[in-house]
Every structure is written in C-alpha cells, then in structure tokens.
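Numbering (our numbering), first residue to last: 504 to 574.
Now the structure itself:
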C-alpha cells in the first residue's frame, strides 16, 4: 500500500514537472506555422516528383534492357 502511494506521488510530480516545462515552450504564431507547413508540403512534393521521375526512368531502362535481350 505504501508503494502504491509512492507511485501516485511520482505520477503527480511527473505531471507537475511536465506542466512546468510546457510553460517554458515558446509556441510559434500562426504566420510561422503556415510558413513552415508550406515549406514541408513543398519539399514533400519535390521529393515525390523526384521519386516519380526516377521510377519512370528506371522502368523505361529495364523495359529497354529486357527488350534488347529478348527481341
């Protein structure tokens, strides 16, 4: 029973410390969040396009090699 109370105290301490640390966080404003979101989306589209192009070139290359050896 004493261990159970100790565990509850530890949880309470953990929540108090977490709350204290969250008060120290500097949250970005809406403009910064929108700018960062746009950057992430743009980078995601760019990487996706690169993968798409590489895949198309790889498929074309493989089909050409298969055609050269079977035809």
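Heads up, the beta-carbon is just placed ideally off N, CA and C, and yes, glycines get one too.
Backbone CA spacing between residue i and residue j [nearest angstrom]
{"i": "residue 563", "j": "residue 569", "result": "10 Å"}
{"i": "residue 556", "j": "residue 547", "result": "14 Å"}
{"i": "residue 524", "j": "residue 559", "result": "49 Å"}
{"i": "residue 526", "j": "residue 535", "result": "19 Å"}
{"i": "residue 514", "j": "residue 528", "result": "21 Å"}
{"i": "residue 553", "j": "residue 533", "result": "30 Å"}
{"i": "residue 530", "j": "residue 543", "result": "18 Å"}
Cβ neighbours of residue i in the same chain (closer than 6 Å, five flanking residues each side left out)
{"i": "residue 539", "result": "none"}
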